[in-house]
Ligand SMILES: [Zn+2]
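Numbering (the numbering used here), first residue to last: 51 to 265.
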């Protein structure tokens, strides 16, 4: 976590030095602290008297509509995007009301490919840096649409690391059904289901072990 915060601070300082705006994809498995890193980065801008626009996916309503919350208790209101949002237009409208210095998007895996292209316009045409935070792969080990487009288009890719119970880097998301059995196929996004998720290394994703000594 600390390293990730340092990296965000570093990229913030680079914007300050007058570099051209860039599109960033900060990716990780689940529960690596993406939202915390996002909120810290936003606060860094705030401290410098600058304005950020925070956005998150409309389908993620764990913490109420229009809010980015971190597991360590931080939270901030955010605009929502859904599948039919033109994110360039949405950002442009906000930018007209109040000049925006940086756009930060949580749950960026839920962006469509078109929306990622729209974000590239925000950096290339409006000159505003865009920092996207999201999961790289789903529980089946497949890229989310937004993650695939960001991996293809982002200027900079950064991994926010977390660890498996074995100590290795956790790069995969394991889904368990209500009986605790691993699920490897099915719908990519389940809203309101009883499934639980764990971030694990690839080896323990393959073996379906979310914890030590479960078999
Ligand atoms: Zn492991």
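The beta carbon of each residue, even a glycine, is placed where N, CA and C say it ideally should be. Since this is a predicted model, take the numbers as computed values, not measurements.
Worksheet entry | residue 206 in three-state terms, based on DSSP | Three-state result, residue 206: strand.
Worksheet item: Between the beta-carbon of residue 245 and the beta-carbon of residue 226, is there less than 8 Å?
Response: Yes.
Fill in: Nearest to residue 220 (by Cα), restricted to the options 76, 208, 252, 144
Selected option, being the one with the closest Cα: 252.
Worksheet item: Would residue 239 be called buried (16 or more neighbouring beta carbons within 10 Å of its own) or exposed?
Response: Exposed, by the Cβ-count rule.
Discussion item. On the CB-based measure, 16 or more other CB atoms within 10 Å of its CB, does residue 94 come out buried or exposed?
Written reply: Per the 10 Å Cβ criterion, buried.
Worksheet entry | Simplified DSSP state of residue 129, which is helix, strand or coil | When DSSP states are grouped into helix, strand and coil, residue 129 belongs to the strand group.
Fill in: Which listed residue (233, 263, 237) has its alpha carbon closest to that of residue 256
The shortest Cα separation from residue 256 among 233, 263, 237 belongs to 233.
Practice prompt. Measure the alpha-carbon distance for residue 196 versus residue 98 and round it to whole angstroms.
Written response: Cα-Cα distance, rounded: 30 Å.
Fill in: Limits of the alpha helix (DSSP H) - the one that residue 141 falls within
137-147 is the extent of the alpha helix (DSSP H) around residue 141.
Discussion item. Can you determine whether any heavy atom of ligand 1 sits closer than 7 Å to the C-beta of residue 92, and answer yes or no?
Written reply: Between ligand 1 and the CB of residue 92, the shortest heavy atom gap is not smaller than 7 Å.
Worksheet entry | First through last residue of the beta strand (DSSP E) which encompasses residue 225 | Unbroken beta strand (DSSP E) run through residue 225: 222-226.
Worksheet item: For residue 114, is the classification buried or exposed, using 16 other Cβ atoms within 10 angstroms of its Cβ as the cut-off for buried?
Response: Here the model assigns residue 114 a pLDDT of 49, short of 50, so the residue's position is not dependable, and the following value carries that caveat. When all chains shown are included, residue 114 counts as exposed.
Worksheet item: Should residue 174 go down as buried or exposed, given a rule of 16 or more other Cβ atoms within 10 Å for buried?
Response: Per the 10 Å Cβ criterion, exposed.
Practice prompt. Pick out whichever of 104, 222, 92 has its Cα sitting closest to the Cα of residue 191.
Written response: From the listed residues 104, 222, 92, the smallest Cα separation to residue 191 is found for 222.
Worksheet item: Whose CA, out of 108, 211, 85, lies closest to the CA of residue 123?
Response: The shortest C-alpha separation from residue 123 is found at 85.
Worksheet item: Quick one: any contact between the segment 131-138 and the segment 149-168, if contact means 3 or more CB pairs under 8 Å?
Response: With a cut-off of 8 Å, the segment 149-168 and the segment 131-138 count as touching, because enough Cβ pairs lie within range.
Worksheet item: Cα separation between residue 80 and residue 142?
Response: Each residue's CA atom was taken as its position, placing residue 80 and residue 142 some 30 Å apart.
Worksheet item: If you measure from each residue's Cβ to the nearest non-hydrogen atom of ligand 1, which ones come out under 5 Å, in chain order?
Response: Those residues are 214, 216, 218, 251, 254, given in chain order.
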